[in-house]
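**Student:** Heads up, my numbering is the position in the sequence shown plus 3, with the first residue counted as 1. Cβ atoms here follow ideal geometry from the backbone N, Cα and C, with glycine treated the same way.
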Amino acid sequence: MDNRVDRLIEYVKGIHKGLDGRQLYLKYREDIEKVKPQEAFEIFHSLLLEGTEAKEILEFLDKVINVFYKSLSSYKWEAPKEYKFLSELILENKALQKRTDKIKGLLLGGHSSNQIKDTLLPMVEELQDINHHYLKKENILFPYLEKTMEKYKGLSIMWALHDEVKVKIKKTIDLLTKENIEEVELNQSIG
4 MDNRVDRLIE
14 YVKGIHKGLD
24 GRQLYLKYRE
34 DIEKVKPQEA
44 FEIFHSLLLE
54 GTEAKEILEF
64 LDKVINVFYK
74 SLSSYKWEAP
84 KEYKFLSELI
94 LENKALQKRT
104 DKIKGLLLGG
114 HSSNQIKDTL
124 LPMVEELQDI
134 NHHYLKKENI
144 LFPYLEKTME
154 KYKGLSIMWA
164 LHDEVKVKIK
174 KTIDLLTKEN
184 IEEVELNQSI
194 G
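1) Starting from the C-beta of MET4, find all residues in its chain whose C-beta is less than 8 Å away, skip the five residues before and the five after it, and write them out in chain order.
2) Can you say whether VAL170 is buried or exposed, counting buried as having 16 or more other CB atoms within 10 angstroms of its CB?
3) Is there a C-beta anywhere in chain D that falls below 8 Å from the one on ILE184?
4) Write down the C-beta distance between ILE160 and SER116 rounded to the nearest angstrom, noting that I regard them as a contact closer than 8 Å.
5) Compute the distance between the beta-carbons of LEU51 and ALA163, then report whether it is under 8 Å.
6) Name the two residues that bound the continuous alpha helix (DSSP H) containing LEU89.
7) Among the candidates ALA57, HIS48, ASP104, whose CA atom is the shortest distance from the CA of HIS165?
8) Report the rounded CA-to-CA distance for LEU148 versus GLN118, giving the unit in angstroms.
9) Going by C-alpha to C-alpha distance, which of ILE143, LYS101, ARG32 sits closest to GLU129?
10) Going by DSSP, what residue range makes up the alpha helix (DSSP H) through VAL38?
11) Tell me the rounded alpha-carbon separation between TYR78 and GLU36.
12) Can you tell me whether DSSP reads SER192 as helix, strand or coil?
13) How far does the alpha helix (DSSP H) with LYS84 in it extend, from its first residue to its last?
14) Could you please give the first and the last residue of the uninterrupted alpha helix (DSSP H) stretch that includes LYS140?
15) From GLY21 to LYS84, what distance separates their C-alpha atoms?
16) Could you check the C-alpha separation between GLU33 and PRO125 for me, to the nearest Å?
17) In or out: GLU153 buried (at least 16 other Cβ within 10 Å) or exposed?
18) Pick out whichever of HIS135, TRP80, ASN190 has its Cα sitting closest to the Cα of LEU123.
19) Suppose you measure from the CA of GLU53 to the CA of PHE47; what does that come to, to the nearest Å?
20) Can you tell me where the alpha helix (DSSP H) with ASP9 in it begins and where it stops?
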């Protein structure tokens with residue numbers, strides 16, 4: 004196995020099996036530090052081809068993305084000359100990240116859920132705007148990418164992730180409208 008993607012597939016399979024994450028990281032560190040976005044698609048696409056369900060991948064996806072984050076976020080891509088649609092999606096992603104960062108800051112502020120729920124509720128309700136963003140990706144971007152290259156069939160994981168996020172937002176809004184909120188329940192709802 005002399006291909007970085009193949010080695011990273013083994014890394015991800017190890018995470019999926021619940022093997023020691025630190026040992027796996029040390030073994031595959033050189034490859035992890037060089038992973039590219041296209042390779043991440045190939046890795047997850049291979050799991051789907053082997054029969055792993057998208058929802059099952061979501062159970063360990065955050066661990067893998069956290070490990071890949073530094074390499075993926077430092078990747079420099081050359082934007083196409085005409086990329087208005089992609090620019091719009093990128094701006095929407097940045098705006099969404101600002102919203103979630105504000106929520107995170109509020110949650111980490113040391114106040115109880117009941118003390119911040121009146122402030123938190125409208126902030127979480129604003130996240131419902133994400134549906135419009137997700138619809139653009141699901142109805143325009145994903146089908147285009149899936150037709151373009153086989154490895155982008157892995158986007159079914161993104162569809163599943165979008166569904167999960169929508170459910171969590173709704174559940175959190177329902178929770179924040181209650182008279183009293185349990186800290187544990189809110190933390191589980193927000194994730």
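**Tutor:** Taking the coordinates as given:
1) Note that MET4 scores a pLDDT of 44, beneath 50, so its modelled location is shaky and nothing firm can be said.
2) exposed
3) Among the chains in the structure shown there is no chain D, since it carries only a single protein chain.
4) Not really, about 31 Å apart at Cβ, beyond 8 Å.
5) No, the pair does not count as a contact, with Cβ atoms beyond the cut-off.
6) 87-110
7) ALA57
8) 44 Å
9) GLU129 has its Cα closest to that of LYS101, out of ILE143, LYS101, ARG32.
10) Premise fails: VAL38 is in no alpha helix (DSSP H) and is neither H nor E.
11) 11 Å
12) helix
13) Premise fails: LYS84 is in no alpha helix (DSSP H) and is neither H nor E.
14) From DSSP, LYS140 is part of no alpha helix (DSSP H); its letter is neither H nor E.
15) 43 Å
16) 43 Å
17) Classification for GLU153: exposed.
18) ASN190
19) Cα-Cα distance, rounded: 10 Å.
20) 7-20
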